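**Student:** Below you will find the structure I want to go over with you.
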Amino acid sequence: MADTAEEKVLAALRGVVDERAGRDIVSLGRVKGLVVRGAHVGFAIELPPGEGAEREPLRKAAEAAVAKVPGVLSVTAVLTSHSAPAGGAAPHAHRAAPRRAAPQQAGERPSVPGVGAILAVASGKGGVGKSTVAVNLALALARLGLKVGLLDADIYGPSVPRLLGLTGKPETDGEKLRPHEAFGIKAMSIGLLVGEDQPMIWRGPMVMTALTQLLNDVAWAPLDVLLVDMPPGTGDAQLTLAQRVPVTGAVIVSTPQEIALTDARKGLAMFRQTHVPVFGIVENMAYFVAPTGERIFIFGEGGARRTAGTLDCDFLGEIPLTVRVRETSDAGTPIVAIAPHAEESAPFLAIAEKVAAKLAEATGEGARKPPKISYVD
Ligand code: ADP
């Protein structure tokens with residue numbers, strides 16, 4: 000669809016009247032985050048405080064109106080609310096009314112009961128190995144004796160199900176969704192809730208609805224730390240997550256090339272702007288080890304370490320590009336899970352120790368008990 004597609008969609012939505020207010024939802028300013036990707040349309044309807052799931056007919060009417068626009072093949076509308084009622088059915092990633100209060104205001108970050116800390120794993124751009132690092136870091140933290148969960152919030156390409164070999168829709172225990180258990184950690188992915196064939200067109204409010212549910216409606220507790228595999232980039236969605244999720248700290252994954260580093264810098268700035276402490280930068284695919292043992296710096300040497308220094312941010316470590324990491328990732332059997340003593344696992348374990356220490360410091364645990372660094376099998 001051409002540029003005017005958004006206008007056509009808005010014109011259709013002007014025909015959707017919110018009976019309670021006696022006006023259409025566009026002039027009421029209720030339509031948020033409208034995005035048109037080809038023939039796929041997504042948007043959120045922001046409800047006034049106190050309204051929630053009972054406004055489902057309004058959502059359906061809005062979807063139906065947009066579905067009639069010539070050229071539109073799919074429509075995804077979600078309801079967002081600043082204080083929807085709690086309780087109810089199993090959560091859905093989208094197309095479902097939020098049942099739980101979304102965070103009240105930007106900057107206000109209600110904690111997740113029973114979860115000691117939340118660690119965001121972020122990257123300025125896709126394809127740098129953020130999910131590979133998130134998964135292996137989660138497993139390495141578990142080996143340090145922490146109870147660990149991994150929430151895959153990468154709406155653009157949820158890869159945690161593939162990396163951990165997870166399949167099947169999660170089940171509920173009547174009240175909450177049961178996370179998958181894999182290699183000793185709990186895991187839940189937006190990819191398990193949304194079919195792979197669903198068009199992924201998300202914007203801030205929709206992301207927040209899904210993420211709030213993934214945080215609050217999954218039986219995470221008790222956990223020492225929940226890692227959140229963030230969507231790559233520094234756009235609306237990422238900013239909303241950084242603002243609204245009660246993040247204890249963030250780890251930024253970058254490759255050494257300048258382009259990735261430029262993006263990592265933006266990521267760092269975003270977290271600082273939202274007052275989330277950045278624990279440090281991890282350099283992934285730092286070098287390739289040739290069969291001769293020689294280190295080949297395909298993307299240039301030490302870029303992330305230098306960037307970390309320039310930006311006054313800790314450098315957490317470098318992870319080489321290895322065939323074994325790629326193979327184990329693609330097979331759904333992460334290296335740290337199946338070969339924790341292999342040399343390819345060592346960088347993840349070393350980074351985990353630094354992160355565990357920072358988590359302990361940030362949550363005040365350090366003062367009460369030293370971080371355990373005994374390995375468990
Ligand atoms: P992102 O989450 O940043 O998009 P992924 O974690 O999905 O990136 O990784 C992208 C690809 O790179 C995957 O095929 C993964 O197996 C591979 N990969 C990531 N890190 C490494 C590494 N250190 N060595 C080898 N392959 C890697």
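Heads up, the sequence shown is in numbering that gives the first Met the number 0, so the first residue is 0 and it goes up one at a time.
C-beta: ideal position from N, C-alpha, C; glycine also.
Just so it is clear, the structure is predicted and the values come from calculations on it, not from any experiment.
Tell me whether the beta-carbon of W219 lies closer than 8 angstroms to the beta-carbon of V354.
**Tutor:** What you label residue 219 is simply residue 220 of the sequence shown in a count that begins at 1. What you label residue 354 is simply residue 355 of the sequence shown in a count that begins at 1. Not a contact, by the Cβ cut-off of 8 angstroms.
**Student:** Is V127 near ligand 1, in the sense that its beta carbon is under 7 angstroms from a heavy atom of that ligand?
**Tutor:** Taking the sequence shown and counting its residues from 1, the one referred to as residue 127 is at position 128. Correct: V127 has its Cβ closer than 7 angstroms to ligand 1.
**Student:** Any idea what DSSP makes of D216, helix, strand or coil?
**Tutor:** Start at 1 with the first residue of the sequence shown, and residue 216 comes out as number 217. Coil, per DSSP.
**Student:** Where does L72 land, buried or exposed, given buried means 16+ other C-beta within 10 angstroms?
**Tutor:** Numbered from 1 along the sequence shown, position 73 holds the residue referred to as residue 72. Classification for L72: exposed.
**Student:** So M229 packs on L240, CB below 8 angstroms; how close in whole Å?
**Tutor:** If you number the sequence shown from 1, residue 229 lands on position 230. If you number the sequence shown from 1, residue 240 lands on position 241. At roughly 6 angstroms, the Cβ-Cβ gap stays under 8 angstroms, so M229 and L240 are in contact.
**Student:** Look up M269 in the DSSP assignment and say whether it is helix, strand or coil.
**Tutor:** Taking the first residue of the sequence shown as 1, we reach residue 269 at position 270. Of the three classes helix, strand and coil, the one that applies to M269 here is helix, per DSSP.
**Student:** Restricting to runs no shorter than 3 residues, where is the beta strand (DSSP E) found entirely within the segment 131-188?
**Tutor:** Here the runs fully enclosed are 147-151, 179-181 and 184-188.
**Student:** By how many angstroms is the C-alpha of R264 removed from the C-alpha of T306?
**Tutor:** One-based indexing of the sequence shown puts residue 306 at position 307. One-based indexing of the sequence shown puts residue 264 at position 265. Going from the Cα of T306 to the Cα of R264 covers about 8 angstroms.
**Student:** Determine the direct distance from the alpha carbon of A152 to that of L162, and round the result to whole angstroms.
**Tutor:** Taking the first residue of the sequence shown as 1, we reach residue 162 at position 163. Taking the first residue of the sequence shown as 1, we reach residue 152 at position 153. Taking the straight line from one Cα to the other gives about 14 angstroms.
**Student:** Go ahead and pull the three-state DSSP assignment for V74.
**Tutor:** Mapped onto the sequence shown, residue 74 falls at position 75. Of the three classes helix, strand and coil, the one that applies to V74 here is strand, per DSSP.
**Student:** What distance in whole Å lies between the Cβ atoms of L145 and L226, which are believed to be in contact at a cut-off of 8 angstroms?
**Tutor:** As a working mapping, residue 226 is identified with position 227 in the sequence shown. As a working mapping, residue 145 is identified with position 146 in the sequence shown. With a Cβ gap of about 10 angstroms, L226 and L145 do not count as contacting.
**Student:** In this structure, does DSSP put D17 in helix, strand or coil?
**Tutor:** Sequence index remark: in the sequence shown, residue 17 carries index 18 (1-based). In this structure, D17 counts as strand in the three-state DSSP scheme.
**Student:** Should P333 be counted as a contact of ligand 1 given a C-beta to heavy atom distance under 7 angstroms?
**Tutor:** Here residue 333 is taken as the residue at index 334 of the sequence shown, counted from 1. Result no, Cβ not under 7 angstroms from ligand 1.
**Student:** Where A141 and V34 are concerned, what is the direct C-alpha to C-alpha distance, given to the nearest angstrom?
**Tutor:** For the purposes of this step, residue 141 is taken as residue 142 along the sequence shown, with counting starting at 1. For the purposes of this step, residue 34 is taken as residue 35 along the sequence shown, with counting starting at 1. Near 39 angstroms, if we compare the C-alpha coordinates of V34 and A141.
**Student:** Mapping the DSSP letters down to three states, classify I24 as helix, strand or coil.
**Tutor:** Within the sequence shown, the letter at position 25 stands for residue 24. Coil, per DSSP.
**Student:** Output the distance between the C-alpha atoms of N135 and R325, rounded to the nearest integer angstrom.
**Tutor:** Translated into positions along the sequence shown, residue 135 becomes position 136. Translated into positions along the sequence shown, residue 325 becomes position 326. The alpha-carbon atoms of N135 and R325 are separated by roughly 12 angstroms.
**Student:** Is any non-hydrogen atom of ligand 1 found closer than 7 angstroms to the C-beta of P151, if you look at the structure I gave you?
**Tutor:** One-based indexing of the sequence shown puts residue 151 at position 152. The residue asked about is misnamed: residue 151 is Asp in this sequence, not Pro. Not so, every heavy atom of ligand 1 lies at least 7 angstroms from the Cβ.
**Student:** Taking buried to mean at least 16 other C-beta atoms within 10 Å of its own C-beta, is S253 buried or exposed?
**Tutor:** Counting from one through the sequence shown, the residue named residue 253 turns up at place 254. S253 should be labelled buried.
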